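Basically my numbering = 1-based index in the first sequence + 186.
Beta carbons: idealized from backbone N, C-alpha and C, even for Gly.
The structure displayed is predicted, hence computed values, not measured ones.
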Amino acid sequence: MKRIKIKDLLNTTEFGRQATVMGWVRTFRNNQFIAVNDGSSINNLQAVVDFNNTDDALLKRLHTGAAIAITGEVVESLGKGQRVEIKVKELEILGDSDPEKYPLQPKKHSLEFLREIAHLRFRTNTFNAVFKVRHALAFAVHKFFNERGFAYIHTPVITGSDAEGAGEMFKVTTFDLDQIPRNEDGSVNYKEDFFGRPTNLTVSGQLEGELAAMALGEIYTFGPTFRAENSNTTRHLAEFWMIEPEMAFYDLNDNMDLAEALLKYVISYALENCKDELDFLQSRLSEEEKQKPQAERSALNLKEKLKFCIENDFERVNYTEAIDILRKSKPNQKRQFKYLIDEWGADLQSEHERYLVEKHFKKPVILINYPAAIKSFYMRQNEPDAQGRETVGAMDILFPGIGEIVGGSQREERLEKLEQRMYDMNIPVEEMNWFLDTRRFGSAPHSGFGLGFERLVLFVTGMTNIRDVIPFPRTPKNAEF
RNA sequence: UCCUGAGUAGCUCAGCCGGUUAGAGCAUCUGACUGUUAAUCAGAGGGUCGCUGGUUCGAGCCCAGCCUCAGGAGCCA
Numbered sequence: 187m188k189r190i191k192i193k194d195l196l197n198t199t200e201f202g203r204q205a206t207v208m209g210w211v212r213t214f215r216n217n218q219f220i221a222v223n224d225g226s227s228i229n230n231l232q233a234v235v236d237f238n239n240t241d242d243a244l245l246k247r248l249h250t251g252a253a254i255a256i257t258g259e260v261v262e263s264l265g266k267g268q269r270v271e272i273k274v275k276e277l278e279i280l281g282d283s284d285p286e287k288y289p290l291q292p293k294k295h296s297l298e299f300l301r302e303i304a305h306l307r308f309r310t311n312t313f314n315a316v317f318k319v320r321h322a323l324a325f326a327v328h329k330f331f332n333e334r335g336f337a338y339i340h341t342p343v344i345t346g347s348d349a350e351g352a353g354e355m356f357k358v359t360t361f362d363l364d365q366i367p368r369n370e371d372g373s374v375n376y377k378e379d380f381f382g383r384p385t386n387l388t389v390s391g392q393l394e395g396e397l398a399a400m401a402l403g404e405i406y407t408f409g410p411t412f413r414a415e416n417s418n419t420t421r422h423l424a425e426f427w428m429i430e431p432e433m434a435f436y437d438l439n440d441n442m443d444l445a446e447a448l449l450k451y452v453i454s455y456a457l458e459n460c461k462d463e464l465d466f467l468q469s470r471l472s473e474e475e476k477q478k479p480q481a482e483r484s485a486l487n488l489k490e491k492l493k494f495c496i497e498n499d500f501e502r503v504n505y506t507e508a509i510d511i512l513r514k515s516k517p518n519q520k521r522q523f524k525y526l527i528d529e530w531g532a533d534l535q536s537e538h539e540r541y542l543v544e545k546h547f548k549k550p551v552i553l554i555n556y557p558a559a560i561k562s563f564y565m566r567q568n569e570p571d572a573q574g575r576e577t578v579g580a581m582d583i584l585f586p587g588i589g590e591i592v593g594g595s596q597r598e599e600r601l602e603k604l605e606q607r608m609y610d611m612n613i614p615v616e617e618m619n620w621f622l623d624t625r626r627f628g629s630a631p632h633s634g635f636g637l638g639f640e641r642l643v644l645f646v647t648g649m650t651n652i653r654d655v656i657p658f659p660r661t662p663k664n665a666e667f
């Protein structure tokens, strides 16, 4: 008999029919009730065994984690808690699971423990839901861009450029590290290496993305990104996935409009297509919140928070205004900030971003026009303001609980200004000739941004540690699996 | 990398002021029960107290160093 997925079976109204399901045992209760999950749904199917007429040795093998195949009659459940169940006629163990060794039990495990057994944590409700939502969000990203005529560009993972300016890079080499070829002066002889030059894992596809945008018009990348920073936080990974659109003829406002539309689109998609998963994650989250003191609990539950984000415009705030707000804010006046704001030009710390998003505006915030001194070389230089202060056309989108989820800018398209800035910031201009060619030949205003995919998944699932929204997290001192 | 905290049974944790044989719940095993919902009830087994060294008559507990994990900070997406 052809196998039917549990998700479909749970929705059926055809009682009395025969069906075959396959899945993994979650629990076996009362020598009678098997909770089976095949991954198609976060909900389990209850299979009822007639233990009086079933081989005892077979029943003894129904342990948590075992893979089984069941054929039987689909019936309306006699018990509460489920609508549909299956009366087992044939029961086969496809794969045993030794209960003495299998680490998952039908109870709550800590996320820390599950992280140590990341190869098995897929089998829990929480991670089932998280990775279904992750999939939906990834799919929605492609759907969004495809509907708008963007081309998906695969930028290289191995890069020869060491001037992407976004942090420490992982080196790529085929050298035997115990016997590195050297030049006479003792320096490394890269000519002997695989690519004949130093190479790294990419920290951003932006520069290559710009090249494509300056011909195809609107493009995006969506791929793995690597940062060799020794970051130990709940929102940093050494290997993460980033979405980087790059658009010709977009100014900063067009850029913000696009980013806001993208975020709202993918969040709506998840709400519509991951109802069960989000319900589960929401109840999980509110259970967790019950442990917290009243003051730290959030006013909105998970789905309310997501809906709020879709239904309200993001607050667009100039850096200069933000500094003003922060300077006059209570925590600044009362010296509660660890870093007090007193002058224009200061970089905003997490505590300041959190204050703006969570206390002052209480919604997603887009901060724009940062001081040039604290931003990257490729951002478009604005006209100095009345006080002669230099800013660039940057925009960072800040989300509650996550911080910066998007970082972008209008790009500097004027060759002389860009070159000057590269000299000022010690960026090797000669090596970047290929990049500067876009400004030499048919340069045009253009913009783009980077969206941290895992941070998006964090926000939508309500999880709090970024290591729990990617299957196998890579962080300092951890590359297990 | 810095700050703070943690590491005791498979998991979650308790362990007093340094004192005799290190405990509980869940899981596992055995038995009972049989429409359960993390089933229930009874019993049993299960420990390199993160590692190394030190102090002490005596260390899970005190001291030093190291490792790992978590939270916060920095870097950022």
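Could you tell me the distance, in whole angstroms, from the CA atom of residue 703 to the CA atom of residue 585? The first residue shown for the chain is 187 and the last is 667, placing residue 703 beyond what the model contains.
Under a Cβ-count criterion, where at least 16 other Cβ atoms within 10 Å of its own Cβ denotes burial, should residue 620 be classed as buried or exposed? exposed
Short of 7 angstroms in beta carbon distance, which residues of its chain neighbour residue 451, apart from the five on each side in sequence? Order them along the chain. 326 and 330
Sort out for me which residues DSSP pairs residue 277 with in a bridge. 256
Which one of 242, 241 and 233 has the shortest CA to CA distance from residue 265? 233
Going by C-alpha to C-alpha distance, which of 401, 664 and 277 sits closest to residue 432? Ranking the options by Cα distance to residue 432, first place goes to 401.
Segment limits, alpha helix (DSSP H) that includes residue 392: Annotation for residue 392: the continuous alpha helix (DSSP H) segment containing it runs 392-402.
Cutting at 8 angstroms between CB atoms, please list the residues of its own chain near residue 422, excluding the five before and the five after it. Once the five neighbours on either side are set aside, the close Cβ partners of residue 422 are 413, 415, 652 and 661.
What's the gap between the Cα of residue 630 and the Cα of residue 514? 40 angstroms
Let me know if residue 635 comes out buried or exposed under the rule of 16 or more other beta-carbons within 10 Å of its beta-carbon. buried
List the endpoints of the continuous beta strand (DSSP E) containing residue 214. 204-215
Please go through the same chain and pick out, in chain order, the residues whose beta-carbon is closer than 6 angstroms to the beta-carbon of residue 525, but skip the five residues on each side of it. 535
With DSSP run on the structure shown, which of helix, strand or coil describes residue 566? coil
Can you give me the Cβ contacts of residue 258 inside the same chain, cut-off strictly under 6 angstroms, excluding the 5 residues immediately before and after it? 272, 273, 274 and 275
Let's test the definition: count the other Cβ atoms within 10 Å of the Cβ of residue 491 and tell me whether it reaches 16, buried, or not, exposed. buried
Beta-carbon proximity list for residue 219, same chain, < 7 angstroms, skipping 5 on both sides: Cβ within range, chain order: 232 and 234.
Taking the runs of the alpha helix (DSSP H) that are 4 residues or longer, which of them lie wholly in the region 360-395? none
In the DSSP assignment, what residue or residues form a beta bridge with residue 589? 585
Could you check what DSSP says for residue 427 in three-state terms: helix, strand or coil? strand
If you drop the 5 nearest sequence neighbours on each side, which residues of the same chain put their C-beta closer than 7 angstroms to that of residue 672? Any question about residue 672 goes unanswered here, given that the chain covers just 187 to 667.
C-beta contact flag for residue 386 and residue 428 at 7 angstroms: no
Assess contact between the region 593-610 and the region 438-455, defined as three or more Cβ pairs (one per stretch) separated by less than 8 angstroms. Is contact present? yes
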